[in-house]
Structures are given as structure tokens and as C-alpha cells.
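S.K.:
Printed below as a string of C-alpha cells:
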């Protein structure tokens with residue numbers, strides 16, 4: 011390491027230490043979210059990482075979220091359950107119906123100096139009202155692109171009302187943390203611009219790595235050595251573009267190309283996808299090293315979803331050394347370098363998706379070249395850096411509040 015690099019690293023370390031010390035002195039963070047431990051998805055995993063980083067830094071934090079009798083994951087930090095009901099048509103998710111007496115009592119005892127709202131639902135609304143009545147600063151994070159889901163559930167007519175509510179809600183938040191610039195641009199189109207800060211997601215680059223590739227696993231799953239494995243990883247719900255994925259794969263198989271597909275994930279649309287792709291290998295939900303091995307033992311990652319706020323699975327695939335073919339939409343478009351680490355395609359363009367995946371099936375050298383470039387790009391998304399960014403946002407806001415009150 012050069013002398014200048016060493017000095018820069020020491021300076022960054024000093025800055026991080028100052029931020030952590032400042033948070034210990036000023037921050038008591040109350041986090042309100044619709045998903046934390048009752049379901050495993052990108053939102054719950056990201057928020058658990060955030061809370062874990064605060065706990066590690068010895069910053070007081072308390073989470074308020076729906077719970078179920080048998081949690082899907084072991085959660086980080088202190089958690090108070092709030093009243094909730096199963097989501098119609100998606101019972102694995104819960105809809106919060108407010109704070110409830112237990113949560114209000116816990117809030118008063120915890121006495122937060124900062125409220126972070128991850129879901130603008132009834133729970134989030136009551137948390138916002140609680141904060142405004144007491145002069146507590148509020149920040150929010152944008153995890154779910156709600157308006158993009160409406161057309162998949164026949165509720166497109168509600169889009170205007172939803173944006174009106176979101177504009178009002180986020181107007182009362184000092185910061186709004188969005189995962190990508192492309193998502194910030196979408197919000198700006200709807201006049202949500204004040205306090206917007208970029209907070210990307212990170213990836214475990216030591217877990218998701220090309221080194222986890224296993225020919226033994228491929229053969230165990232029934233893939234021939236000469237077959238190109240095209241993989242989809244996500245919850246199996248129709249809004250993830252499952253119909254597009256199936257149509258493209260089937261068209262490539264009809265052309266006689268040596269393609270097989272691997273599907274990782276569970277959800278209510280699994281039966282439909284099984285019918286569309288009878289020769290696919292379905293692994294169900296995978297986590298940890300098993301998930302890492304599934305990615306790395308594939309050849310191409312194909313993700314046509316256009317409803318993401320951030321492409322967590324896209325980033326994991328990139329870290330695993332896979333070229334990616336993704337929808338040119340919020341989420342993946344801020345991760346994939348088109349033509350270098352993979353391809354971006356106009357959403358729902360079957361012909362173009364088919365063409366891009368076909369190129370990668372036929373060209374082994376291009377697959378390897380793009381996969382290596384994808385890994386290099388993913389290495390810039392270290393969780394340590396990403397979580398340090400939100401710590402700094404918290405610190406800046408609380409320091410400003412403190413200065414104004416002096």
C-alpha cells in the first residue's frame with residue numbers, strides 16, 4: 011500500500027470513529043417496518059443488517075414490526091411486536107394496523123431521539139404522528155416501489171392517490187434514503203425531491219464468490235456439463251416477471267440451444283412457473299452458503315423484474331461471477347453496466363431478452379469476460395461502506411438538530 015493510500019485509509023477510519031462516537035452520544039433510534047423477522051426478503055435482511063451494525067457500534071436501537079408465532083429468521087436487536095393482519099392474497103406478509111398500547115408503552119420507555127420509518131403504512135403513519143407531536147426528527151427509507159405493483163393486482167386506478175399520499179408522507183421526513191439514483195429519478199418525476207439521499211445495498215463479497223462454483227452440485231441437480239444453466243433467484247410472485255422468464259427460456263430451448271434453468275425461491279406462483287417450465291430445477295428457498303453455491307454453479311443470471319427498488323439478487327449474482335441479463339428498470343439498471351457486466355433490456359421485451367441471453371449461451375468467452383467484470387463491480391458494494399453511509403446520515407441530521415437547539 012502506498013503512503014498516500016495509507017494516510018487516506020487512516021483518515022476514513024478516523025471519520026468513521028467520529029461518527030460512531032457521535033451516534034453513541036446523540037442517537038436512540040426507533041425503527042418502524044412492515045417486514046423484519048416474520049418473512050425473509052430484501053427489506054427484512056437489509057434492515058436486520060442496519061440494526062446489527064448499530065448494535066455492534068453500541069448505539070441504542072429498538073425495532074417495531076409485525077411478528078408471527080414462528081419467525082422466519084433470528085432478528086437483530088430489541089423488537090416489539092405490533093398488531094397486524096395477513097395480507098389478502100399474500101398471507102406470508104403481514105399488514106400493520108397501528109402501534110397498539112404495547113408499542114406505545116415501549117416507545118415511551120425507549121425515548122427515541124430519531125425515528126426511522128421503513129414502510130409508509132398505518133404503523134409508519136402513527137410513528138410519524140408520534141414524532142411530530144414530540145419534535146423528534148424522522149427519516150425514512152424507500153424499500154418497495156409500491157406503484158409498480160398496482161397494475162399486477164388490477165389496482166392501477168389507485169396510482170394517483172398513492173403518489174399523493176407518498177408526497178405528503180415523505181414531505182414530513184428530514185431524509186428519504188433511496189437505494190439507487192434511478193429510483194431517486196422516479197421519485198423526482200412525482201415531485202418527491204426534498205431530503206433524498208442515496209443509500210445503496212451491500213453484498214457479502216466473501217460469501218457470494220465465484221470460488222463457490224461446484225461441478226459436483228451441478229451434476230447432482232441433473233445438469234449436463236455442456237448445458238448452460240440460466241438462473242432466476244427471487245420470491246416466486248408474478249410481478250417479478252416470471253412469465254417473461256419462462257417464455258424466453260422455452261423459446262431458447264425450442265431453438266435447440268443447450269439451456270437449462272435453475273429457479274431459487276418460493277412463493278404463491280410456484281405452481282404456475284412449474285407448469286410453464288416442466289424441466290426446470292426448483293431448489294425452493296435457499297440461504298447462506300447453499301444460496302452462494304447455487305449462484306456460482308450457474309452460468310447466466312436472468313432477472314426480468316421491473317418492480318425492484320434495488321436489485322439485491324442481481325448484486326449477489328454479480329458477486330458470484332455471473333453475467334446478468336436484467337430489465338432496464340429501477341433497481342438493476344443502477345448495478346448492471348450494459349455491455350460490460352451484462353445486458354439491460356427494455357422491460358417485457360421478449361425478443362430482446364431472448365437475443366441477449368442467446369448471445370451469452372453461445373459465447374463462452376463473453377460469459378467469462380462479463381462474469382469477471384461483474385465480480386469486480388460488485389466488490390465496490392461492501393456492507394461496511396454502505397452501512398457507514400447511513401450512520402453518517404444519522405449523525406449529520408442529529409448534529410444539525412443539536413446545533414439548532416443550542
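Numbering (my numbering), first residue to last: 11 to 416.
Cβ atoms here follow ideal geometry from the backbone N, Cα and C, with glycine treated the same way.
Just so it is clear, the structure is predicted and the values come from calculations on it, not from any experiment.
Can you tell me where the beta strand (DSSP E) holding residue 88 begins and where it ends?
M.R.: Position 78 of the chain shown, counted from the first residue, corresponds to residue 88. From DSSP, the beta strand (DSSP E) with residue 88 extends over 88 to 91.
S.K.: Taking C-beta to C-beta, are residue 79 and residue 44 nearer than 8 Å?
M.R.: Counting from 1 along the chain shown, the entry for residue 79 is found at position 69. Counting from 1 along the chain shown, the entry for residue 44 is found at position 34. No; because the gap between Cβ atoms is not below 8 Å, this pair is not in contact.
S.K.: Excluding sequence positions up to five away, which residues of its chain have a Cβ less than 7 Å from the Cβ of residue 406?
M.R.: Translated into positions along the chain shown, residue 406 becomes position 396. Nothing meets the Cβ criterion.
S.K.: Going by DSSP in three states, residue 374 sits in which element: helix, strand or coil?
M.R.: One-based indexing of the chain shown puts residue 374 at position 364. Correct three-state label for residue 374: helix.
S.K.: Between residue 50 and residue 83, how many whole angstroms is the CB-CB distance? I'm expecting something under 8 Å.
M.R.: Residue numbering aside, residue 50 sits at position 40 when the chain shown is read from its first letter. Residue numbering aside, residue 83 sits at position 73 when the chain shown is read from its first letter. Indeed they touch by this definition, with Cβ atoms about 5 Å apart.
S.K.: Looking at C-alpha atoms only, which residue of 130, 247 and 91 is the closest neighbour of residue 101?
M.R.: Numbered from its first residue, the chain shown carries residue 101 at position 91. Out of 130, 247 and 91, 247 has the C-alpha closest to the C-alpha of residue 101.
S.K.: State the Cα-Cα distance for the pair residue 396 and residue 264, rounded to the nearest angstrom.
M.R.: What you label residue 396 is simply residue 386 of the chain shown in a count that begins at 1. What you label residue 264 is simply residue 254 of the chain shown in a count that begins at 1. Cα to Cα, residue 396 sits roughly 43 Å from residue 264.
S.K.: Which complete alpha helix (DSSP H) runs does the segment 236 to 271 hold, if anything under 4 residues is left out?
M.R.: DSSP runs (the alpha helix (DSSP H)) wholly in the segment 236 to 271: 252 to 264.
S.K.: Give me the Cβ distance between residue 391 and residue 213, rounded to the nearest whole Å; I'm assuming they're in contact under 8 Å.
M.R.: Numbered from 1 along the chain shown, position 381 holds the residue referred to as residue 391. Numbered from 1 along the chain shown, position 203 holds the residue referred to as residue 213. At roughly 5 Å, the Cβ-Cβ gap stays under 8 Å, so residue 391 and residue 213 are in contact.
S.K.: May I ask which residues mark the beginning and end of the alpha helix (DSSP H) holding residue 284?
M.R.: Taking the chain shown and counting its residues from 1, the one referred to as residue 284 is at position 274. Counting along the chain, the alpha helix (DSSP H) containing residue 284 begins and ends at 280 to 286.
S.K.: Taking a contact to mean a Cβ-Cβ separation below 8 Å, would you say residue 237 touches residue 289 in this structure?
M.R.: What you label residue 237 is simply residue 227 of the chain shown in a count that begins at 1. What you label residue 289 is simply residue 279 of the chain shown in a count that begins at 1. No, the Cβ-Cβ distance between residue 237 and residue 289 is not below 8 Å.
S.K.: Pull up the distance between the alpha-carbon of residue 266 and that of residue 364, whole angstroms please.
M.R.: Translated into the one-based positions of the chain shown, residue 266 becomes position 256. Translated into the one-based positions of the chain shown, residue 364 becomes position 354. Roughly 13 Å between the two C-alpha positions.
S.K.: Hey, would you say residue 293 sits closer than 8 Å to residue 304, going by beta carbons?
M.R.: Numbered from its first residue, the chain shown carries residue 293 at position 283. Numbered from its first residue, the chain shown carries residue 304 at position 294. Cβ distance < 8 Å, so residue 293 and residue 304 count as in contact.
S.K.: Cβ of residue 332 within 8 Å of Cβ of residue 382?
M.R.: In the chain shown, counting from the first residue as 1, residue 332 sits at position 322. In the chain shown, counting from the first residue as 1, residue 382 sits at position 372. Not closer than 8 Å, so no.
S.K.: What residue from 286, 46, 235 and 340 has the CA that sits closest to residue 260's CA?
M.R.: Position 250 of the chain shown, counted from the first residue, corresponds to residue 260. Nearest of 286, 46, 235 and 340 to residue 260, Cα basis: 286.
S.K.: Can you check whether the CB of residue 367 is closer than 8 Å to the CB of residue 335?
M.R.: Position 325 of the chain shown, counting from 1, holds the residue named residue 335. Position 357 of the chain shown, counting from 1, holds the residue named residue 367. A contact, by the Cβ cut-off of 8 Å.
S.K.: Counting only runs of 4+ residues fully inside the segment 25 to 76, write out the alpha helix (DSSP H) ranges in chain order.
M.R.: Whole alpha helix (DSSP H) segments, 4+ residues: 52 to 66.
S.K.: My parser needs the alpha helix (DSSP H) runs of 4 or more residues fully inside the segment 173 to 233; what are they?
M.R.: The qualifying runs are 191 to 199 and 225 to 230.
S.K.: Reducing DSSP to helix, strand and coil, say where residue 97 ends up.
M.R.: Walking along the chain shown from the start, residue 97 turns up at place 87. Three-state result, residue 97: strand.
S.K.: Let me check one thing: in DSSP terms, what residues is residue 104 bridge-paired to?
M.R.: For the purposes of this step, residue 104 is taken as the residue at position 94 of the chain shown. Note: residue 104 sits in a beta bridge opposite 96.
S.K.: Throw me the rounded Cβ distance for the residue 131 and residue 106 pair, which I believe falls under 8 Å.
M.R.: Within the chain shown, numbered from 1, the residue matching residue 131 stands at position 121. Within the chain shown, numbered from 1, the residue matching residue 106 stands at position 96. At roughly 5 Å, the Cβ-Cβ gap stays under 8 Å, so residue 131 and residue 106 are in contact.
S.K.: Report the rounded CA-to-CA distance for residue 249 versus residue 412, giving the unit in angstroms.
M.R.: In the chain shown, residue 249 corresponds to position 239, counting from 1. In the chain shown, residue 412 corresponds to position 402, counting from 1. Those two C-alpha atoms are separated by around 44 Å.
S.K.: Once DSSP output is grouped into helix, strand and coil, what is the label at residue 405?
M.R.: For the purposes of this step, residue 405 is taken as residue 395 along the chain shown, with counting starting at 1. Here residue 405 sits in helix by DSSP.
S.K.: Distance, Cα to Cα, residue 168 vs residue 279?
M.R.: What you label residue 168 is simply residue 158 of the chain shown in a count that begins at 1. What you label residue 279 is simply residue 269 of the chain shown in a count that begins at 1. For residue 168 and residue 279, the distance between alpha carbons rounds to 24 Å.
S.K.: Considering just the uninterrupted stretch of the beta strand (DSSP E) at residue 113, what are its terminal residues?
M.R.: Along the chain shown, read from residue 1 onward, the residue named residue 113 stands at position 103. Premise fails: residue 113 lies in the alpha helix (DSSP H), 110 to 120, not in any beta strand (DSSP E).
S.K.: Determine whether the beta carbon atoms of residue 360 and residue 258 lie at a separation below 8 Å.
M.R.: The residue labelled residue 360 in the question sits at position 350 within the chain shown. The residue labelled residue 258 in the question sits at position 248 within the chain shown. The answer is yes: Cβ separation under 8 Å.
S.K.: Go through its chain and collect everything with a Cβ distance to residue 372's Cβ below 8 Å, but skip five positions before and after it.
M.R.: For the purposes of this step, residue 372 is taken as the residue at position 362 of the chain shown. For residue 372, where only same-chain residues beyond five positions count, the Cβ hits under 8 Å are 267.
S.K.: If the criterion is Cβ atoms closer than 8 Å, does the pair residue 47 and residue 85 meet it?
M.R.: One-based indexing of the chain shown puts residue 47 at position 37. One-based indexing of the chain shown puts residue 85 at position 75. It is a contact, given that the beta carbons lie within the stated cut-off.
S.K.: Taking Cβ positions, are residue 180 and residue 150 nearer each other than 8 Å?
M.R.: On the chain shown, position 170 is the one that residue 180 refers to. On the chain shown, position 140 is the one that residue 150 refers to. Yes.
S.K.: Secondary structure at residue 128, three-state DSSP: helix, strand or coil?
M.R.: By 1-based counting over the chain shown, the position of residue 128 is 118. It is coil, neither helix nor strand.
S.K.: Between the Cα of residue 339 and the Cα atoms of 316, 374, 320 and 153, which residue gives the shortest distance?
M.R.: As a position in the chain shown, residue 339 is number 329, starting the count at 1. Answer by Cα proximity: 316.
S.K.: Rounded to whole angstroms, what is the Cα-Cα separation between residue 198 and residue 230?
M.R.: What you label residue 198 is simply residue 188 of the chain shown in a count that begins at 1. What you label residue 230 is simply residue 220 of the chain shown in a count that begins at 1. Taking the straight line joining both Cα atoms gives about 48 Å.
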